[in-house]
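Colleague: Pasting a structure below so you can have a look.
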Amino acid sequence: MITEALLLSAFLFVIGVFGVLVRRNAIIMFLCIELMLNAVNVSFVALSRVVGIDGQLFVFFVMTVAAAEAAVGLAIIISIFRHYESVDVENFNLLKW
Amino acid sequence: MSVLGSMMLLQGGGEEGAQAAGAAFEPFVPGLILLLPLLGFLTNGALALAAGRRAATVARVGGEWELPDSHRPATHTLPSLVGPGVLLAAFAVVLVNFTRMLGVELHEPVVVPYWTWIVTGTFEVAVAMQLDQLSMVMMMVVSGVGFLIHVFSVGYMKDDPGYPRYFTYLNLFVFFMLVLVAGASFPVMFVGWEGVGLCSYLLIGFWFKDRQKADAGKKAFIVNRIGDFGFLVAMFLLFVTFGTLDFVPVFEAAPEVLAYGGGLVTAVTLFLLLGATGKSAQIPLYVWLPDAMAGPTPVSALIHAATMVTVGVYMVARASMLFALAPVGSLAVAGIGALTALFAATIALAQYDIKKVLAYSTISQLGYMFLGVGVGAYTAGIFHLMTHAFFKALLFLGSGAVIHSMHYALHHTHKPWDAQDMRNMGGLRRALPVTWITMWIGTLAIAGIWPFAGFFSKDEIIWYAGAAATGPHAAWYTLFWVMALATALMTAFYMTRMMVMTFHGANRTGEAEAHHLHEAPLTMTVPLVVLAILSVFGGWINVPAALHDGWAGLFGVLPMGEGLHHWLEPMVGPATEVRAEHVGAFLEAAPLGGGELAWAAFSTTMAAVVVATAVCLVRGWRIVPATEAGEPTAGLKRILYHKWYVDELYDRIVVRPVAAGSRFLWRVIDAGLVDGIVNATGSVSRAFGLMGSMIQTGSVNTYAFILTVGVVLILAAMAL
Amino acid sequence: MTDIIFYVFAALALAGAMGVVAGRNPVASLLSMVLCLGSVAVIYVLLEAHFIAAVQVIVYAGAIMVLFLFVIMLLNLGHDYHPDLRYTLWLIIPVAVSGALFGLLARQFWGESVAGSGGDAVDAAVAEYGAIGAIARPLYTQWVVPFEITGILLLVAIVGALVLAKRRV
Numbered sequence: 001m002i003t004e005a006l007l008l009s010a011f012l013f014v015i016g017v018f019g020v021l022v023r024r025n026a027i028i029m030f031l032c033i034e035l036m037l038n039a040v041n042v043s044f045v046a047l048s049r050v051v052g053i054d055g056q057l058f059v060f061f062v063m064t065v066a067a068a069e070a071a072v073g074l075a076i077i078i079s080i081f082r083h084y085e086s087v088d089v090e091n092f093n094l095l096k097w
Numbered sequence: 098m099s100v101l102g103s104m105m106l107l108q109g110g111g112e113e114g115a116q117a118a119g120a121a122f123e124p125f126v127p128g129l130i131l132l133l134p135l136l137g138f139l140t141n142g143a144l145a146l147a148a149g150r151r152a153a154t155v156a157r158v159g160g161e162w163e164l165p166d167s168h169r170p171a172t173h174t175l176p177s178l179v180g181p182g183v184l185l186a187a188f189a190v191v192l193v194n195f196t197r198m199l200g201v202e203l204h205e206p207v208v209v210p211y212w213t214w215i216v217t218g219t220f221e222v223a224v225a226m227q228l229d230q231l232s233m234v235m236m237m238v239v240s241g242v243g244f245l246i247h248v249f250s251v252g253y254m255k256d257d258p259g260y261p262r263y264f265t266y267l268n269l270f271v272f273f274m275l276v277l278v279a280g281a282s283f284p285v286m287f288v289g290w291e292g293v294g295l296c297s298y299l300l301i302g303f304w305f306k307d308r309q310k311a312d313a314g315k316k317a318f319i320v321n322r323i324g325d326f327g328f329l330v331a332m333f334l335l336f337v338t339f340g341t342l343d344f345v346p347v348f349e350a351a352p353e354v355l356a357y358g359g360g361l362v363t364a365v366t367l368f369l370l371l372g373a374t375g376k377s378a379q380i381p382l383y384v385w386l387p388d389a390m391a392g393p394t395p396v397s398a399l400i401h402a403a404t405m406v407t408v409g410v411y412m413v414a415r416a417s418m419l420f421a422l423a424p425v426g427s428l429a430v431a432g433i434g435a436l437t438a439l440f441a442a443t444i445a446l447a448q449y450d451i452k453k454v455l456a457y458s459t460i461s462q463l464g465y466m467f468l469g470v471g472v473g474a475y476t477a478g479i480f481h482l483m484t485h486a487f488f489k490a491l492l493f494l495g496s497g498a499v500i501h502s503m504h505y506a507l508h509h510t511h512k513p514w515d516a517q518d519m520r521n522m523g524g525l526r527r528a529l530p531v532t533w534i535t536m537w538i539g540t541l542a543i544a545g546i547w548p549f550a551g552f553f554s555k556d557e558i559i560w561y562a563g564a565a566a567t568g569p570h571a572a573w574y575t576l577f578w579v580m581a582l583a584t585a586l587m588t589a590f591y592m593t594r595m596m597v598m599t600f601h602g603a604n605r606t607g608e609a610e611a612h613h614l615h616e617a618p619l620t621m622t623v624p625l626v627v628l629a630i631l632s633v634f635g636g637w638i639n640v641p642a643a644l645h646d647g648w649a650g651l652f653g654v655l656p657m658g659e660g661l662h663h664w665l666e667p668m669v670g671p672a673t674e675v676r677a678e679h680v681g682a683f684l685e686a687a688p689l690g691g692g693e694l695a696w697a698a699f700s701t702t703m704a705a706v707v708v709a710t711a712v713c714l715v716r717g718w719r720i721v722p723a724t725e726a727g728e729p730t731a732g733l734k735r736i737l738y739h740k741w742y743v744d745e746l747y748d749r750i751v752v753r754p755v756a757a758g759s760r761f762l763w764r765v766i767d768a769g770l771v772d773g774i775v776n777a778t779g780s781v782s783r784a785f786g787l788m789g790s791m792i793q794t795g796s797v798n799t800y801a802f803i804l805t806v807g808v809v810l811i812l813a814a815m816a817l
Numbered sequence: 818m819t820d821i822i823f824y825v826f827a828a829l830a831l832a833g834a835m836g837v838v839a840g841r842n843p844v845a846s847l848l849s850m851v852l853c854l855g856s857v858a859v860i861y862v863l864l865e866a867h868f869i870a871a872v873q874v875i876v877y878a879g880a881i882m883v884l885f886l887f888v889i890m891l892l893n894l895g896h897d898y899h900p901d902l903r904y905t906l907w908l909i910i911p912v913a914v915s916g917a918l919f920g921l922l923a924r925q926f927w928g929e930s931v932a933g934s935g936g937d938a939v940d941a942a943v944a945e946y947g948a949i950g951a952i953a954r955p956l957y958t959q960w961v962v963p964f965e966i967t968g969i970l971l972l973v974a975i976v977g978a979l980v981l982a983k984r985r986v
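Protein chains in written order, with our numbering: chain R, 1 to 97; chain A, 98 to 817; chain C, 818 to 986.
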């Protein structure tokens, strides 16, 4: 089961990457990033069956950081929205050459 | 003056000399000989610097800067003392050494080392002076005639603002010339070689604000350089063969190390010949000397008549052993000498500038010297070098006096005529009597009329050339002998033509100017007189034995009797022996089977006949002043006047292709390729930068994409 | 039995994930995400990580997703149904890259079966101290420094979020 769980983790991760590359809505991109973090959590937990309790412990930290990151990231998106009136990342191109 | 004195000494010291044989020759502070002119250079240089811009300004002789004598600044009076003074002192030292050498029969040269100059691996060159008979003769000629010319310059250049600068360069020249003749090894000689070339450039282009004169100086230096290349290659070959470049070891080892007539020694001598043609103005590198007449006339006298141009002959005489071992090389030397003599004489027949006539005459006489040393008569060549120094310096200084006077006269009436063109002169003998007489003495000497100096030296060369025609390469040497004879006749003719056009007949300068023509001051006439005396008696130190008892030697009255032969015997003897070993002692033979006395009578008579004919002929010519006459336009005269168009030929063949090549290298290679590469580096960097900057799309998705691609690549690299 | 449950819920998780990516409406995407998270929680239980499963549901699905939902509502994005994919035809490129990534990862994981005795230690700890105690023990002894730092991190995040989202400073 561990191997299958790891494969599941890989699959979820890749779907998250695909979503980040493809979606234009900033919030959905962010959601896909959360999906990637989640996939990593799955692999940590699966591997805790192999290496011990440290795997699950790390998931704990990852979740905490994910939460903090989500909060801050969404705050940023809100403040950008106030400026551009949209969350389409295609519009955020001031750093274009 | 000096040679007379030494002649007496040699006479008197004969017996004592034999007793003192075996005693050593102790040089008397020989370094002073070199040091004194150098000190003169430094002192005059300091004065020139102090005079500042005044010393560099151009002025014509007879000048634009006319300052009464009471107002002359110190910077312009001190060089009059320092310049000739150091030369007189140097000459005195040389004389002391000479008298010391007279009392001793010197068989080996005395080398006085000073310090080591180059030490690299096996190559060692020391700064050393070589005191032997040959260098002593040369040093006496250089310092003695040099002193007289310095005295002449005091009068000639008096009103020139560049007065101190002139003496600076002149002293420097004498210094380098003495280094050249007294050096004990090829590199030291080469230092002097290059140095005199430099001073020649500085002095020819003395009035450098005139573009033409500056160009003449440049031409001299560049053409000399081509010859220097030959000298250098010869030095390299010698070093590779002998491992050293000092004269004494090289010439001692030469007969064993070098194969007679072999490729190596022939190559060395031919390259040395190339160097000599550059410095001594022979074919093909003579073109600088006529242009060098742009310099002040005393410079022409010193450098381009008496001393610098003779270094080629000196070099061949010094390296006589090498030339004796290379019959082809000697043949080349003689051939170039004979050809140049004839060629230059033909050009001199059609020249109207008095200095140009003398310049081509110098080239022609140098050809005689080369012919002499080429056939193996080294003493004859050096003898002619010495007598030529006397009468050619006399002729040049005399022409300087004439030009000085003409300049003054034309300047006074502001007539824009050329002061040096003989067609503007005429009848000057009344105005310049001393110059007239002394120049006639010089002319008779150069024409080879007994008993003047030129007769003995020139005749000896022609005699030996004839003798060589009985040995190997007979056909060549016969041709050279014929050429030498023809040249002698032409020399007599054109020199007489020059004298008659200048001093005889009616005065063509103009009525107003005629009042202002006057004799030169004492500082200029005294050297003329001294040199005239030398031209009369100078040949008497080397009267051949066969002539000594006959009418030509005044039935035994003439004192010296082959003096120079005996004097130089230890130096050129080994070479003559080597030559005799291989080709027989042909030099002792008599050309045409005739006797020497008969030949002497014949040649003097011929020369006198030509002179007399020329006087009558030229006096009958209708000569028109230069501005009316213009250049000759027809036939042979035009070709001769334009110097056989050699300069134009060189321009087409050498100068223009080189200039075109340079332009190509500049525009295409340097500005195009090299600069192009450098600029391209910049442009390419900018292009790459521009391409790279396109990654910044400003869109987050792109960045994420690139990130992902990077991760994939890293994983792939790790997995594989 | 556990295998079947595993495969079912794995499929559900994948379906949810694809729903996130393919959803037209942001709210739809979000709800798919919740589905995914829930399924993953079940899988955690199957892997004997009970505490983590609980935390997943409470924190992740409960708090973080709710936060997302609040923001979507705040920005009034719930109404647009337009497709907002960046690529149209060139979609193949992200597909290829993602495929390559998956291939590499799978290759890593497929290999020999990962075997170890860690699971037994976990079970022993759970049996002795209970599910929470098994995690709490190392957390407060060995990993107490990261724990405290995480606390500060959360404080910073809160303050930061407040400052960033304020209308005017």
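Glycine included, every Cβ here is placed at the ideal spot set by N, Cα and C.
Give me, in chain order, the residues of the same chain whose beta-carbon lies closer than 7 Å to that of residue 159 of chain A; leave out the 5 immediate sequence neighbours on both sides.
Modeller: Confidence at residue 159 of chain A is low in this model, with a pLDDT of 41, below 50, so the placement of that residue is unreliable and no value is reported for it.
Colleague: Taking 9 Å as the threshold (beta carbon to beta carbon), is residue 830 of chain C in contact with chain R?
Modeller: It does; some Cβ of chain R falls within 9 Å.
Colleague: With DSSP as the reference, please indicate the residues paired to residue 227 of chain A in a beta bridge.
Modeller: A/208, per the DSSP bridge assignment.
Colleague: Return the chain-ordered ranges of every alpha helix (DSSP H) run that is complete within the segment 331–355 of chain A and spans a minimum of 4 residues.
Modeller: Entirely contained in the segment 331–355 of chain A, the alpha helix (DSSP H) runs reaching 4 residues are, in chain order, 344–354.
Colleague: With residue 451 of chain A as the anchor, note down where its alpha helix (DSSP H) starts and where it stops.
Modeller: Segment 451–471, the alpha helix (DSSP H) holding residue 451 of chain A.
Colleague: Got a sec: is the Cβ-Cβ distance from residue 91 of chain R to anything in chain C below 9 Å?
Modeller: Output row for residue 91 of chain R: interface = no.
Colleague: Suppose you measure from the CA of residue 846 of chain C to the CA of residue 837 of chain C; what does that come to, to the nearest Å?
Modeller: So the two alpha carbons sit approximately 4 Å from each other.
Colleague: Which residues of chain A have a Cβ atom closer than 7 Å to the Cβ of residue 924 of chain C, listed in chain order?
Modeller: Within 7 Å Cβ-Cβ: 816.
Colleague: Take residue 192 of chain A and list the residues in its own chain whose beta-carbon comes closer than 6 Å to its own, dropping the five residues that flank it on each side.
Modeller: Hits under 6 Å: none found.
Colleague: Helix, strand or coil for residue 95 of chain R? Go by DSSP, reduced to three states.
Modeller: Coil at residue 95 of chain R, not helix or strand.
Colleague: Can you have a look at residue 804 of chain A and say buried or exposed, based on whether 16 or more other CB atoms are within 10 angstroms of its CB?
Modeller: Counting Cβ neighbours within 10 Å, residue 804 of chain A comes out exposed, since fewer than 16 surround it.
Colleague: Quick check: residue 293 of chain A and residue 405 of chain A, are their CB atoms within less than 9 Å of each other?
Modeller: For residue 293 of chain A and residue 405 of chain A, yes; Cβs fall inside 9 Å.
Colleague: Need the endpoints of the alpha helix (DSSP H) that residue 303 of chain A sits in, please.
Modeller: Here residue 303 of chain A belongs to no alpha helix (DSSP H), and DSSP marks it neither H nor E.
Colleague: I'd like the ranges of any alpha helix (DSSP H) spanning at least 4 consecutive residues and lying wholly in the segment 674–738 of chain A.
Modeller: Counting only runs of 4 or more, we get 693–717, 723–726 and 732–738.
Colleague: Taking DSSP as the reference, what is the three-state secondary structure of residue 604 of chain A?
Modeller: Correct three-state label for residue 604 of chain A: coil.
Colleague: On a Cα-Cα basis, can you pick out the residue from C/936, C/985 and C/945 that is closest to residue 47 of chain R?
Modeller: Answer by Cα proximity: C/936.
Colleague: Going by other Cβ atoms of all chains shown within 10 Å of its Cβ, with 16 needed for buried, is residue 445 of chain A buried or exposed?
Modeller: Buried.
Colleague: Can you list, in chain order, the residues of its chain with a C-beta nearer than 7 Å to that of residue 119 of chain A? Leave out the 5 residues immediately preceding and following it.
Modeller: Because the pLDDT at residue 119 of chain A is just 46, under 50, the model does not fix this residue reliably, and the point stays unresolved.
Colleague: Which class does residue 377 of chain A belong to by DSSP, given the choice of helix, strand or coil?
Modeller: If DSSP states are grouped into helix, strand and coil, residue 377 of chain A belongs with coil.
Colleague: Provide the residue span of the alpha helix (DSSP H) that contains residue 944 of chain C, from first to last.
Modeller: Here the alpha helix (DSSP H) through residue 944 of chain C covers 935–958.
Colleague: So, are the CB atoms of residue 675 of chain A and residue 422 of chain A less than 9 Å apart?
Modeller: In this structure, residue 422 of chain A lies closer than 9 Å to residue 675 of chain A by Cβ.
Colleague: Comparing alpha-carbon positions, which option in A/467, A/135 and A/433 lies nearest residue 269 of chain A?
Modeller: Ranking A/467, A/135 and A/433 by Cα distance to residue 269 of chain A puts A/135 first.
Colleague: Beta-carbon within less than 7 Å of residue 42 of chain R's beta-carbon, same chain only, minus the 5 sequence neighbours each way: which residues are those?
Modeller: Hits under 7 Å: 5, 8, 9 and 12.
Colleague: Tell me, please, which residues DSSP counts as bridged to residue 434 of chain A.
Modeller: For residue 434 of chain A, which the question treats as bridged, DSSP gives no partner whatsoever.
Colleague: What residue range is occupied by the uninterrupted alpha helix (DSSP H) comprising residue 824 of chain C?
Modeller: From DSSP, the alpha helix (DSSP H) with residue 824 of chain C extends over 819–839.
Colleague: Quick one: Cα of residue 845 of chain A to Cα of residue 703 of chain A, how far?
Modeller: Residue 845 of chain A is absent from the structure shown; chain A starts at 98 and stops at 817.
Colleague: Using DSSP bridges, identify the partner residues of residue 221 of chain A.
Modeller: The partner list for residue 221 of chain A (beta bridge, DSSP) reads A/216.
Colleague: Within the continuous alpha helix (DSSP H) that includes residue 749 of chain A, where are the two ends?
Modeller: Note, residue 749 of chain A: premise wrong, no alpha helix (DSSP H); not H, not E.
Colleague: When Cβ atoms are compared, which residues of the segment 766–787 of chain A fall closer than 7 Å to chain R?
Modeller: Residues passing the 7 Å Cβ filter: none.
Colleague: Looking at the structure shown, is residue 297 of chain A part of a helix, part of a strand, or coil, going by DSSP?
Modeller: DSSP places residue 297 of chain A in helix when its eight states are reduced to three.
Colleague: Taking Cβ to Cβ, would you say residue 488 of chain A is nearer than 9 Å to residue 700 of chain A?
Modeller: No, the Cβ-Cβ distance between residue 488 of chain A and residue 700 of chain A is not below 9 Å.
Colleague: I think residue 327 of chain A touches residue 376 of chain A, with their Cβ atoms under 8 Å apart; what is that distance to the nearest whole Å?
Modeller: Not a contact, Cβ separation roughly 10 Å.
Colleague: Shortest alpha-carbon distance to residue 64 of chain R belongs to which of C/872, C/891, C/884 and C/887?
Modeller: Comparing Cα positions, the closest option is C/872.
Colleague: Under a CB-based cut-off of 9 Å, is residue 914 of chain C close to chain A?
Modeller: Yes, its Cβ sits closer than 9 Å to a Cβ of chain A.
Colleague: Ordered along the chain, which non-local residues of its own chain (more than five positions away) have a Cβ less than 7 Å from that of residue 922 of chain C?
Modeller: Correct list: empty, nothing qualifies.
Colleague: Starting from the Cα of residue 246 of chain A, find the closest Cα among A/497, A/466 and A/754 and give me that residue.
Modeller: Nearest of A/497, A/466 and A/754 to residue 246 of chain A, Cα basis: A/497.
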